[in-house]
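Input: a single structure, listed below in structure tokens.
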């Protein structure tokens with residue numbers, strides 16, 4: 024079993040943080056992860072940080088923009104786990120990409136897994152287990168023969184333009200029921 028290298032955040036302190044303080048905690052965690060990576064790769068540039076990611080992804084190493092993107096909804100709802108797992112996950116991508124042959128490495132390949140295990144002391148998980156309903160709402164309800172389906176605004180627009188969707192389980196064409204009220 025691996026032992027996380029970065030100090031574990033205090034869950035009670037995290038729970039008490041308002042939005043701005045939580046974003047500051049995220050930036051502090053990114054900085055701590057970058058310093059750790061910088062020790063093994065002194066040429067590693069410091070990433071910029073944005074909290075503008077939407078949908079089901081918790082984080083993204085965005086090399087074109089020169090930094091890391093994070094999902095503010097998933098951060099707010101999963102504070103401790105987000106800082107412990109997501110920040111090192113994305114910083115590992117940042118480090119691997121900046122190695123000499125990093126552009127040839129697979130996103131969750133051997134190099135990334137090695138960074139997660141040996142540098143951060145974490146199991147290399149490729150996906151999170153967060154509830155994404157509020158981060159990626161699907162307010163448009165559709166029905167088939169076996170269940171209801173939630174569509175995002177984008178998928179609903181495609182259906183309205185004539186794209187037909189079928190259920191993967193019963194193979195029936197989905198029928199629009201209307202908008203659902205979003206849960207708080």
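In this note's numbering, the protein residues as written are 24 to 207. Every residue, glycine too, gets a C-beta built ideally from N, C-alpha and C. Given the structure is predicted, the values throughout are model-derived calculations rather than measurements.
Item                                                                                                                                                                                      : Value
For residue 126, count the other beta carbons within 10 Å of its own beta carbon; 16 or more makes it buried, fewer makes it exposed. Which is it?                                        : exposed
Below 8 Å, how does it come out for the segment 76-83 and the segment 45-58: are there three or more Cβ pairs, yes or no?                                                                 : no
Which residue spans inside the segment 82-144 form an unbroken beta strand (DSSP E) run of at least 3?                                                                                    : 82-85 and 90-93
For residue 159 and residue 152, I'd like the C-alpha separation in whole angstroms.                                                                                                      : 14 Å
Does the segment 98-116 come close enough to the segment 31-43 that 3 or more CB-CB pairs lie under 8 Å?                                                                                  : yes
DSSP three-state call for residue 186: helix, strand or coil?                                                                                                                             : coil
Residue 200 lies in the beta strand (DSSP E); which residues open and close that run?                                                                                                     : 198-202
Might you give, ordered along the chain, the residues of its own chain that have their beta carbon closer than 6 Å to the beta carbon of residue 187, omitting 5 neighbours on each side? : 196
Could you check where the alpha helix (DSSP H) with residue 54 kicks off and where it finishes?                                                                                           : 42-63
Opposite residue 6 in the DSSP bridges: which residues?                                                                                                                                   : Residue 6 lies beyond the range of the chain shown here (24 to 207); nothing can be said about it.
Kindly give me the distance between the Cβ atoms of residue 96 and residue 119, rounded to whole angstroms, as I take these residues to be in contact under 8 Å.                          : Their Cβ separation, rounded to whole angstroms, is 27 Å, which puts residue 96 and residue 119 out of contact at 8 Å.
Which term fits residue 165, buried or exposed, when burial requires 16 or more other beta carbons within 10 angstroms of its beta carbon?                                                : buried
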